[in-house]
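Visitor: In this note's numbering, the protein residues as written are 27 to 351. Please see the structure below; I have some questions.
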């Protein structure tokens with residue numbers, strides 16, 4: 027049993043973050059990256075990684091310090107995509123995002139996340155995962171002038187991102203988390219999603235995690251655990267508490283880990299380890315401890331730094347209680 031941060035981390039509370047915010051704002055104003063922006067991002071991301079590990083988190087992110095919104099890095103890294111107008115209401119978390127504009131056929135240009143991973147993982151081998159928004163959610167939110175149909179666009183995105191996943195595999199990433207929150211609002215698309223997922227993961231041996239956040243898993247759970255090349259099915263069990271019971275009855279193959287999102291980034295109240303452990307114990311049908319992952323249900327990025335650290339410590343405490351029982 028391990029613990030995992032499944033999203034952002036409040037890097038704005040870390041040393042050097044004020045300078046990073048200023049550099050990012052300057053780049054937005056003049057349309058260029060400010061001098062030293064990359065160095066500041068590197069420094070703050072390292073501090074975010076170290077803070078999560080110090081809190082007892084086994085599988086961490088870089089705090090998503092380089093992401094201006096959930097899709098910004100992918101939009102910048104795939105030929106044919108441009109960042110459009112700002113909107114609110116990103117699926118799952120409900121935050122802001124820039125609408126992806128599809129101007130022409132898509133093509134992967136070069137590694138998007140690999141260099142950042144190689145820097146952040148130094149000294150923390152096996153602890154840092156890469157988190158990215160999946161092709162289905164990007165396609166649902168995009169304005170498309172090239173493909174004319176959301177699922178055709180999603181397939182094109184999956185093909186392009188498959189090359190990114192293969193590149194990350196070559197860089198040694200231990201886990202790639204694909205966020206697909208839009209799927210929870212459109213369960214009728216799941217048969218098509220299975221084909222999108224297959225294209226996305228083709229040839230990828232690195233553990234792939236599918237993270238579903240912000241709504242009920244409902245009928246999706248019957249098929250989600252059986253997706254090809256799936257290594258971990260991670261589900262937000264705090265926004266919709268009933269998702270935990272649904273996971274308990276899910277037909278999940280022996281090789282798939284279940285990720286239980288048990289602390290929330292939407293409230294400053296710090297959860298109790300004993301209460302979380304009791305929730306897990308009382309849920310029938312869960313796999314054995316070695317196939318369970320206790321994680322965050324939603325991003326911690328909007329919380330005060332001390333609160334986010336306390337929530338990760340809560341997960342570690344719950345894990346200890348479960349393993350001791």
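The beta carbon of each residue, even a glycine, is placed where N, CA and C say it ideally should be.
Can you give me the C-alpha to C-alpha distance between residue 296 and residue 333, rounded to a whole angstrom?
Guide: 7 Å
Visitor: What's the call for residue 254, buried or exposed, on a 16-neighbour Cβ count within 10 Å?
Guide: exposed
Visitor: Just curious, the alpha helix (DSSP H) that residue 233 is in, first and last residue?
Guide: Careful: residue 233 lies outside any alpha helix (DSSP H), inside the beta strand (DSSP E) at 233-238.
Visitor: Could you pull the start and end residues of the beta strand (DSSP E) that residue 103 belongs to?
Guide: Element bounds for residue 103: not the beta strand (DSSP E) but the alpha helix (DSSP H), 98-103.
Visitor: If we count Cβ pairs, one from each stretch, closer than 8 Å, do we get three or more for the region 67-87 versus the region 139-146?
Guide: A contact is defined here as three or more CB-CB pairs under 8 Å, and the region 67-87 meets this definition with respect to the region 139-146.
Visitor: Could you round the C-beta distance between residue 232 and residue 199 to whole angstroms and report it? I think they count as a contact, below 8 Å.
Guide: About 6 Å; that satisfies the 8 Å criterion.
Visitor: Give me, in chain order, the residues of the same chain whose beta-carbon lies closer than 6 Å to that of residue 114; leave out the 5 immediate sequence neighbours on both sides.
Guide: 122
Visitor: Residue range of the alpha helix (DSSP H) that residue 222 falls in?
Guide: 216-227
Visitor: Taking the DSSP output, what are the residues bridged to residue 259?
Guide: 236 and 284
Visitor: To which residues does DSSP link residue 124 through a beta bridge?
Guide: Looking at the DSSP output, residue 124 sits in a beta bridge with 112.
Visitor: Determine the direct distance from the alpha carbon of residue 181 to that of residue 283, and round the result to whole angstroms.
Guide: Their Cα atoms are separated by approximately 26 Å.
Visitor: Just how far apart, CA to CA, sit residue 210 and residue 50?
Guide: 32 Å
Visitor: Count the other CB atoms within 10 Å of the CB of residue 87; is the residue buried (16 or more) or exposed (fewer)?
Guide: buried
Visitor: Report the partner residues of residue 44 according to the DSSP bridge assignment.
Guide: Residue 44 pairs with nothing; no bridge assigned.
Visitor: Can you give me the start and stop residues for the beta strand (DSSP E) that residue 204 sits inside?
Guide: 201-205
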